Structures are given as structure tokens and as C-alpha cells.
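Asks: One structure follows; several queries about it will come next.
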Amino acid sequence: MESANELLTILPVIIIGTAGLLVMMVDAFTENSRTAYWITVLFSAIGLAVSVNSLFGPTGTSFYNMIAYGGTAAFGAVLVMTGTLFSVMLTREYLEKTGRHIAEVYSMMLFATFGMLVLVQSNNLVTLFLGIETMSISLYVLAGLVKDEKKGVEAALKYFLLGAFSTGFLLYGIALLYGASGSTFLVDIAATDEKGLIYWAGVALLLVGFFFKVSAVPFHMWTPDVYQGAPTTITAFMATASKAAGFVAFILVLSRALPDVRAEWSDVIWLFAIFTMVIGNILALVQDNVKRMLAYSSIAHAGYVLIGFAAATGAAYSAILFYLFAYTLMNVGAFGIVAYYEWNKGLDFTEIKNYAGLGYQQPLMGVLMSVFLFSMVGIPPFAGFIGKYRVFAAAIDEGLISLVIVGVLASAASVYYYIRVLVYLYMKEDEGAQVTLVKPGMLYSVTLVILAVLTLYFGINPGSLTDLLLSFKDAAY
Amino acid sequence: MEIYLFILFATLAVAAAVGMITSKDTVNSALFLVVNLISVAGIFLLLRAQFLAVIQILVYGGAIMVLFLFVIMLLNLSSEENMISRFSVKYAIAFLLGVVVLSQLLYAIASVTGTLPYVSPEMERVGTVEALGDALFSTYMLPVLVTAILLTAAVVGAILLAQRKFSGKENK
Chain A
308 MESANELLTI
318 LPVIIIGTAG
328 LLVMMVDAFT
338 ENSRTAYWIT
348 VLFSAIGLAV
358 SVNSLFGPTG
368 TSFYNMIAYG
378 GTAAFGAVLV
388 MTGTLFSVML
398 TREYLEKTGR
408 HIAEVYSMML
418 FATFGMLVLV
428 QSNNLVTLFL
438 GIETMSISLY
448 VLAGLVKDEK
458 KGVEAALKYF
468 LLGAFSTGFL
478 LYGIALLYGA
488 SGSTFLVDIA
498 ATDEKGLIYW
508 AGVALLLVGF
518 FFKVSAVPFH
528 MWTPDVYQGA
538 PTTITAFMAT
548 ASKAAGFVAF
558 ILVLSRALPD
568 VRAEWSDVIW
578 LFAIFTMVIG
588 NILALVQDNV
598 KRMLAYSSIA
608 HAGYVLIGFA
618 AATGAAYSAI
628 LFYLFAYTLM
638 NVGAFGIVAY
648 YEWNKGLDFT
658 EIKNYAGLGY
668 QQPLMGVLMS
678 VFLFSMVGIP
688 PFAGFIGKYR
698 VFAAAIDEGL
708 ISLVIVGVLA
718 SAASVYYYIR
728 VLVYLYMKED
738 EGAQVTLVKP
748 GMLYSVTLVI
758 LAVLTLYFGI
768 NPGSLTDLLL
778 SFKDAAY
Chain B
2 MEIYLFILFA
12 TLAVAAAVGM
22 ITSKDTVNSA
32 LFLVVNLISV
42 AGIFLLLRAQ
52 FLAVIQILVY
62 GGAIMVLFLF
72 VIMLLNLSSE
82 ENMISRFSVK
92 YAIAFLLGVV
102 VLSQLLYAIA
112 SVTGTLPYVS
122 PEMERVGTVE
132 ALGDALFSTY
142 MLPVLVTAIL
152 LTAAVVGAIL
162 LAQRKFSGKE
172 NK
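Sequence order for the protein chains is A and B.
So for the first sequence, this note's numbering puts the first residue at 308; every next one is plus one.
So for the second sequence, this note's numbering puts the first residue at 2; every next one is plus one.
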């Protein structure tokens, strides 16, 4: 039966949607929010397994061409599920320790993941928009989870207002493109012959909408406040899964809907990449709050990814996908460790000065933090290095030498603020208040160790993954 | 006949929209918005989009407007009398006459410049409930399903945010 086979093409979406509803219902009938947690972990793991499996499956479109499955879309699902699974695993202990553990968090995270999965598989601007909205609305709520702190409320409100604003841009762009091409299907938009003012205005607004979602400069203003105000593991979720989903959808839209105007948008993205890298890195240099620093660093990373978009070849897209994978692993890890320090009482452990000497107290956490930060800097043998290298190499192949030079310089500057955290952890003496760190739970440590091992594994042995990503012909050009 | 109705509705819609943003009283604004929404529904009807017209009145004119008015009344109780005291038959007649004169003027301009709407036979087909249902349950089936989750997420999220405190739900 045709329709049953079609359901299989969106299996991760179905699994996560079901899980979201299930967790919602379980929460209504039981007082125990751990049940909800375990259901979430179980279903996310199944979702991850299914999406990894679909990497090797066929590619095509289903649901009246609304959905594109396989290839880039399948890897997008893997990225989203990786980010979700690991952030969910970290979330329980963090929220329990900070006294905010409620089961609705998991259903909101699952609904957000549902939106991301729809987003990365969309083949039509309507599906794309619905995916972005489902994702964003759930994330607004998650950002506002901390209602007893001013910063949390501020984060949620800023995120909501700017998010709604950017949605307006995106929707206007979609409407104009629909007006110019008479269809919302990506392939039909690519086939538009008449490229008048409406078409270009639509393209521009669509780009602005995406730049907002992936926080490219100058549309990055919301990022630091939101990342700082939201609960830290939720920040990890926002910074990885939702960013990755946004970038994958960006690849799909650019490569499928706008392939023949590549020269035009690639120039625009070139400029945005430079701004994003330079400003993201400069602002990260002066941050004293670790969460804010990581927020600016994620803006800088978005800049490196945009280099790949400026190159816009099949190799560049596969490099972007690899970069996003490495980025997901190391960012969830880094935020996870910050979350661990944060739940210790006594000092505000998001301020870098309070990190002095902490590296020796819990050696495992200190070592793991070093792994994630070195990977973010882009030092071999970690995955972050391979990601940066491949993006830069793809850009050089396209002759974007000046862009790569800016990228390398920016990346060199970034060493300062990443290593600064390690300097505080290991080389500064404890001044004043002595704080004894509590041991993290078993599962929490294991999750972080897995992330570090994966970061190391894909740094040493990237071959199998990069070959797989290069074989995705559906997004090439 | 259709043309006259269109001009009437269009003028009414524009006039009400202008009235909405220029009136100082919030309740007046809201009521102007009702007039605007209903005239837009009339235009939909003229374009043979029956379903949209009904939905426009039910959802916007009904549910959303009631919500608006509730909020306004809750926030600002005193302005309620304002509306009634300032309302007079004279103003109402003046408003209607103004609309009629304006629509005649616009009709004259529109017929000279040739910008009057044209309803093709195809449009008569696509506006029906049947055509819409057909599209929603075939091509747009998946988006409709995704919307269901989107709305669920929004409801759960709204309740989550509206909760005053984290109740004693943490387990140990």
C-alpha cells in the first residue's frame, strides 16, 4: 500500500510526535516526572536509530512532494536527534538540582524536535514554515521556563518578540516567492523564469528570515540574552538542534529552490559570513560570563558555516553537514559542563572568575571541558578541526581565498576566549570562597563522556562519515 | 450589482480600517475592526470564496474580537460608557453617507482605470468548501497534521507559562 510506505519516510517525525503526545498524557496522570524523562530518552534514542538507518535508505519525495527524505534531509534528522537525545539526557539532572524539574519540559522539547524534523525534511515552503513555527513556539516556552529570575523572563520575551519579527520576514518572503512563481514547492520556485522585483524581494526576505534563525550578524541580537537566560541544558538544545535544523533547511532551500541564482545569493552570504565571524569573535573576546561567551562563540561558528554557503558546492554542503555534526557534539558537551558547574550552590558558576581552580576538584569534568573547548577552537585531533578544515577547503576550491583568510584569523582569535576558560579552571588559584563541587550523577557523566568520545572519534576517523556525506547528490548544486 | 457591492464593501473596509487606527478610544477601535472584518468577509463572498467568508466571520469577527473586547474591558473599564455616550444617530448617518459617497467616487475612478475585479469561472470552483477540503486532505495533508501538533504545543506551552509556580511536582 502506497500510503503506508509513505508513512515510513517520515518515521522519525511520527516517533517524536507520538512521544510528545505520550509524555503530555503521562504527565497528566502521574506525579512522577521521571517516567516522562525515561519515555523521552527512549523515544529519542529510537528516533536517532531510525534516522541513522534512513541515511542508507533511498531518497525521494512523499506526501504529495511535501516531504523530501533521504540524503541531506536524513542527515539533518540525525543532527537534530543527536542534539535532542543528548540534551534531554542532561536536562533531568540539571533541572532536578536547580529545583525546576517538571515533565512538561520534555513534551515541549519533543514538540520542538518534531518541528525541527519537519523542517529538515521539508520540500515545500508551507511545510518549512510550519516546521520553523512548531520549533520556535516550543523554544520560546522553554526559554521562559525560569520564571523566578528576571533574566529568564527577559530571555523568553526577547526571544518571542524577535522570533515573531523574524517569522514575519520569512513569511513575507514566502508569500512574495509564491506570488512570483505561483507555487510553494521548492522545485517549482527553481523553475521560475520571470525574476522581477517580487522574486528578488522574496528571496531577500527569505534570506533575512533564515539569518535570524541561525543568528547571523546583524540579526544575532537575541542570541546572547536568550542563551544566557534560558536553563543551560535547554540552551544546549537551542544552540545545537535548532541551529542545525535551520542550517539544513537553509541548504535545502538554497540548493533546491534557488540554484540558478546561486551567484547572487552566494555574494550576499559572503558578506554576512565575514560580519558574523568577525563580530561574533570580537564580542566573545570580552565576555566574562561563560554562557554569554558560548553564545557569541555559537554566532562565530555560524559565521564559519556561512563560509560553506558562500562556496555553495556539493563538497561545501557536505562540509557544512559535517561541521554541524561536530558543532552539535561539542556544544552540547560544553553547555552540559557549564550546567554541571552551575548547579553547585554558593557562587554564580556562569561567571568565569568563579571557575578558578575548579579543574582539579572534579578532574573528569575539567578534562571533558578541555576536550570540548579544544574541539571548538579547531585543534586536531578533534572533530571541530575536521569540520573547519573541510569548510575552509571547500571555500578555497571555489576561490574564496579572502573569506578563508578572515575565517582563519577569526578562528585564531577565538583561541583566546576558549583557552581562557581552561586557564581559569587549571592555572588560577582559588581566591576567597572555597566551594566543594558535588559529584555529578552517573548518567550525566556517561553522557558527557560519550559526547567527548564521539568528538574524538570523528576527529581521528572522519573518513566514513565524510564519504557518506559526499555521496548525497540530492543537495549538490 | 456585484460591482456596487464590491465598491461598498471595499470602501467600508478601508474606512473602518482608517477609523480603527485613528480613533482614540480602544473600544471604538475594536468595533471599527469588527466592521472591517465583516466587510472583508463580504469581499471574500463576492470572490466566491464562501468558506473563507464564513471562517472570517466566525473566527475573526467572532472569537478573536470577543477576546479583544474582553481584554480591553478588563484593562480599561471606564471607556465602556464613552462609546455609548458619544454615539449618536447623527454620527452613524454621517458615517454611512460618507461611505456611500466615497464608494461612488472610488467606483468612478476604478471604472476609468479599469481596476475592477474580474471573477473567472475557475475562481468560482476553487473557492468552495469542496475544493478547499480536497486540497487540505490531499496535497496539504501533511501540513494540516503538522499544524495539529503546532497547536497542541502552543496550548501546552501557554499553560506551562501561565502556571504561577513550579508546584510540588518534583519527585524524590
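Don't be surprised by glycine CBs; every beta carbon is placed ideally from N, CA and C.
Every value quoted in this text rests on a predicted model; they were computed, and no experiment measured them.
By Cβ distance below 8 angstroms, which residues in the same chain neighbour Val348/A in space, the five residues on each side in sequence not counted?
Replies: Closer than 8 angstroms at Cβ, skipping near neighbours: Leu392, Val395, Met396.
Asks: Could you tell me whether any Cβ in chain C is nearer than 8 angstroms to the Cβ of Leu437/A?
Replies: Absent from the structure is chain C; the protein chains it does hold are A and B.
Asks: What's the C-alpha gap between Val612/A and Leu435/A?
Replies: Approximately 21 angstroms, taken between the alpha carbons.
Asks: Can you tell me whether Gly324/A is helix, strand or coil according to DSSP?
Replies: Helix, per DSSP.
Asks: Using a C-beta to C-beta distance shorter than 9 angstroms, which residues of chain B count as neighbours of Tyr630/A?
Replies: The contacting residues do not exist; Tyr630/A stays about 28 angstroms from chain B at best.
Asks: Could you tell me the alpha carbon to alpha carbon distance between Lys173/B and Val330/A, rounded to whole angstroms?
Replies: Any reading at Lys173/B is ruled out, since the residue's pLDDT is 35, under 50, leaving its predicted position unreliable.
Asks: Taking 7 angstroms as the limit between beta carbons, can you name the residues of its chain near Ile558/A, skipping five residues before and five after?
Replies: Closer than 7 angstroms at Cβ, skipping near neighbours: Thr379, Tyr624, Ile627, Ala782.
Asks: Where does Lys170/B sit, in a helix, a strand or coil, going by DSSP?
Replies: Low confidence applies here, because Lys170/B scores a pLDDT of 45, under 50, leaving its location unreliable; read the following figure in that light. Correct three-state label for Lys170/B: coil.
Asks: List, in chain order, every chain A residue whose beta-carbon is nearer than 8 angstroms to that of Ala155/B.
Replies: The contacting residues are Ile444.
Asks: Checking contacts by CB at 8 angstroms: is Glu411/A closer than that to chain B?
Replies: Yes, Glu411/A counts as interfacial toward chain B.
Asks: At the level of alpha carbons, what is the spacing between Tyr724/A and Leu417/A?
Replies: The straight-line gap from Cα to Cα measures roughly 33 angstroms.
Asks: With respect to the beta strand (DSSP E) encompassing Thr369/A, which residues constitute its N-terminal and C-terminal limits?
Replies: Contrary to the premise, residue 369/A reads as Ser rather than Thr in this sequence. Start and end: 367-369.
Asks: Kindly give me the distance between the Cβ atoms of Leu601/A and Tyr534/A, rounded to whole angstroms, as I take these residues to be in contact under 8 angstroms.
Replies: Yes, Leu601/A and Tyr534/A are in contact; Cβ-Cβ is about 7 angstroms, under 8 angstroms.
Asks: Kindly indicate if chain A contains any beta-carbon less than 8 angstroms away from that of Met124/B.
Replies: No, Met124/B lies away from the interface with chain A (no Cβ there is under 8 angstroms from its Cβ).
Asks: Going by other Cβ atoms of all chains shown within 10 Å of its Cβ, with 16 needed for buried, is Lys170/B buried or exposed?
Replies: For Lys170/B, the predicted structure reports a pLDDT of 45, less than 50, and the residue's modelled location is therefore unreliable. The matter cannot be settled from this model.
Asks: Going by C-alpha to C-alpha distance, which of Ala64/B, Tyr108/B, Leu143/B, Arg126/B sits closest to Ile6/B?
Replies: Reading off the sequence shown, one finds Leu at residue 6/B, where the question assumed Ile. Measuring from the Cα of Leu6/B, the nearest candidate turns out to be Tyr108/B.
Asks: Does Glu3/B come out as helix, strand or coil in the three-state DSSP assignment?
Replies: Glu3/B falls in the helix class under three-state DSSP.
Asks: Are the C-beta atoms of Gly99/B and some chain A residue less than 8 angstroms apart?
Replies: For Gly99/B, the answer is no, since every Cβ of chain A falls outside 8 angstroms of its Cβ.
Asks: Among the candidates Asn651/A, Ser573/A, Pro769/A, Ala641/A, whose CA atom is the shortest distance from the CA of Gly615/A?
Replies: Of the listed residues, the one whose Cα sits closest to Gly615/A is Ser573/A.
Asks: What residues in the segment 142-154 of chain B have a beta carbon less than 8 angstroms from any beta carbon of chain A?
Replies: Residues passing the 8 angstroms Cβ filter: Met142, Leu143, Pro144, Val147, Thr148, Ile150, Leu151, Thr153, Ala154.
Asks: For Ser24/B, return the contacting residues in chain A, with the cut-off set at a CB-CB distance below 9 angstroms.
Replies: Correct list: empty, because the minimum Cβ distance to chain A is about 25 angstroms.
Asks: Would you list the one or two residues that DSSP bridges to Ala375/A?
Replies: DSSP lists Thr368/A as partners of Ala375/A.
Asks: So, helix, strand or coil for Ser414/A, using DSSP?
Replies: DSSP places Ser414/A in helix when its eight states are reduced to three.
Asks: Nearest-angstrom Cα distance between Pro566/A and Ala622/A?
Replies: One C-alpha to the other measures close to 15 angstroms.
Asks: Taking 8 angstroms as the threshold (beta carbon to beta carbon), is Phe799/A in contact with chain B?
Replies: Not covered by the structure: residue 799/A. The range shown for chain A is 308 to 784.
Asks: Within the continuous alpha helix (DSSP H) that includes Phe699/A, where are the two ends?
Replies: Residues 690-704.
Asks: CA-CA distance, Tyr479/A and Ile757/A?
Replies: Going from the Cα of Tyr479/A to the Cα of Ile757/A covers about 42 angstroms.
Asks: Out of Thr542/A, Tyr466/A, Ser562/A, point me to the one whose CA is closest to Leu492/A's CA.
Replies: According to the sequence shown, residue 492/A is Phe rather than Leu. The candidate whose alpha carbon is nearest that of Phe492/A is Ser562/A.
Asks: Helix, strand or coil: which one does DSSP assign to Phe656/A?
Replies: Phe656/A falls in the coil class under three-state DSSP.
Asks: So which residues on chain B does Gly451/A lean against when the C-beta distance must stay under 7 angstroms?
Replies: Per Cβ cutoff of 7 angstroms: Leu162.
Asks: Around the Cβ of Lys652/A, are there at least 16 other Cβ atoms within 10 angstroms (buried) or fewer (exposed)?
Replies: Exposed, because fewer than 16 other Cβ atoms sit within 10 Å of the Cβ of Lys652/A.
Asks: Quick one: what's got a C-beta closer than 6 angstroms to Thr153/B's C-beta in the same chain, skipping five residues either side?
Replies: There are no such residues.
Asks: In angstroms, rounded to a whole number, what distance separates the CA positions of Ala375/A and Glu705/A?
Replies: Approximately 28 angstroms, taken between the alpha carbons.
Asks: Is there a Cβ from chain B that is less than 8 angstroms from the Cβ of Gly324/A?
Replies: It does; some Cβ of chain B falls within 8 angstroms.
Asks: Cutting at 6 angstroms between CB atoms, please list the residues of its own chain near Lys404/A, excluding the five before and the five after it.
Replies: Excluding residues within five positions, the ones whose Cβ falls inside 6 angstroms are Trp650.
Asks: Going by beta carbon distance, what residues of the same chain come within less than 8 angstroms of Glu411/A, once the five residues before and after it are set aside?
Replies: Met331, Asp334, listed in sequence order.
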